[in-house]
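Residue numbers (this note's numbering), protein chains in the order written: chain X, 58 to 174; chain V, 6 to 119.
Below: the structure, in structure tokens.
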Amino acid sequence: GAVVSQHPSWVICKSGTSVKIECRSLDFQATTMFWYRQFPKQSLMLMATSNEGSKATYEQGVEKDKFLINHASLTLSTLTVTSAHPEDSSFYICSARGVGSGGSGYTFGSGTRLTVV
Amino acid sequence: KNQVEQSPQSLIILEGKNCTLQCNYTVSPFSNLRWYKQDTGRGPVSLTIMTFSENTKSNGRYTATLDADTKQSSLHITASQLSDSASYICVVNPHTGTASKLTFGTGTRLQVTL
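Shown next as structure tokens:
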């Protein structure tokens, strides 16, 4: 079945620094990747949708200059939180969809817990 | 407005007991409905996927039902185990395209105790 690997699983960074989160589809080509954030006891909130080779589409209220998304290949998308602040602390999850074995579904990564201190 | 509502918000049951989680949606158009299990601190894992024409779908001890007329779905868990403790999220997909955005319910937090 489809597998999406997300790395790192957790990260602690200082306020003002940038953090990069990677999301890889291991056994299928992810034509579309979705990035979500999730606050405690809440459901997933879509931040942006990215298609391979094109600019990401951000949801209303999400700062594109703060949350940089790159989807340069069919197996890798990255989310960079720039100039992180404590309010950016959250659980970030990617999801991939595409072609190949099992890739037609929405497969989620295991999430990244970001803590900004 | 597209919405997915789940009930109850939280549930505590004894190990070995059965339980049923509910999902009502107003998403339109409708392509399919998915149930996911999310362990604390992990990403969601798919349990079942049902299209408009499917009424029931099973995956081991998990059985999902769908009534597309009333826009309701349920997830029944049989003979619960401690490892079933997690959040269960009902998700509706409005389109079949690869960039279709999912609409998430707020989830039901299930705790299975001894």
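Ideal Cβ placement from N, Cα and C applies to all residues, glycine included.
On a predicted model such as this, the values are computed, not experimentally measured, just so you know.
- DSSP links residue 102 of chain X through a beta bridge to X:94.
- The CB of residue 150 of chain X comes closer than 8 Å to the CB of 48 and 49 in chain V, given here in chain order.
- Contact between residue 40 of chain V and residue 84 of chain V is absent: CB atoms are separated by about 18 Å, not below the 8 Å threshold.
- 8 Å or more divides the Cβ of residue 90 of chain V from the Cβ of residue 113 of chain V.
- Neighbours of residue 166 of chain X in chain V, taken as residues at a C-beta separation under 8 Å, are given in chain order as 48.
- Residue-level contact by beta carbon holds for residue 162 of chain X and chain V, with a gap shorter than 8 Å.
- Between the alpha carbons of residue 112 of chain X and residue 90 of chain X lies a gap of roughly 12 Å.
- When CB distances to chain X are screened at a threshold of 7 Å, the residues of the stretch 105 to 118 of chain V falling below it are 106, 107, 109, 110, 111 and 112, in chain order.
- Residue burial is scored here from C-beta neighbours: residue 152 of chain X has at least 16 other C-beta atoms within 10 angstroms and is therefore classed as buried.
- In the three-state scheme derived from DSSP, where H, G and I count as helix and E and B as strand, residue 119 of chain V is classed as coil.
- Residue burial is scored here from C-beta neighbours: residue 22 of chain V has fewer than 16 other C-beta atoms within 10 angstroms and is therefore classed as exposed.
- The beta carbon of residue 111 of chain V is closer than 7 Å to those of 11 in its chain, skipping five residues each way along the sequence.
- Taking 8 Å as the cut-off, the beta carbon of residue 166 of chain X is found closer than this to the beta carbon of residue 62 of chain X.
- Collapsing the DSSP output to three states places residue 109 of chain X in coil.
- Every beta strand (DSSP E) of 3 residues or more that sits fully in the stretch 59 to 96 of chain V is shown, in chain order, as 61 to 64, 67 to 72 and 77 to 82.
- Neighbourhood of residue 18 of chain V in chain X, by CB distance below 9 Å: empty, with the nearest CB roughly 19 Å away.
- Close partners of residue 100 of chain X in chain V (Cβ separation under 7 Å): 94, 109, 110, 111 and 112.
- Under a criterion of Cβ atoms nearer than 7 Å, no residue of chain X is adjacent to residue 82 of chain V; the nearest Cβ is some 19 Å distant.
- Under DSSP, residue 124 of chain X takes part in a beta bridge, and its partners are X:138.
- Check the Cα spacing between residue 74 of chain V and each of V:32, V:15 and V:52: the tightest is with V:32.
- With respect to the C-alpha of residue 66 of chain X, the residue from V:47, V:65 and V:78 having the closest C-alpha is V:47.
- Residues of the stretch 62 to 75 of chain X with a C-beta less than 9 Å from any C-beta of chain V: 63, 66 and 67, listed in chain order.
- If you check the CB distance, residue 109 of chain V and residue 96 of chain V come in under 8 Å.
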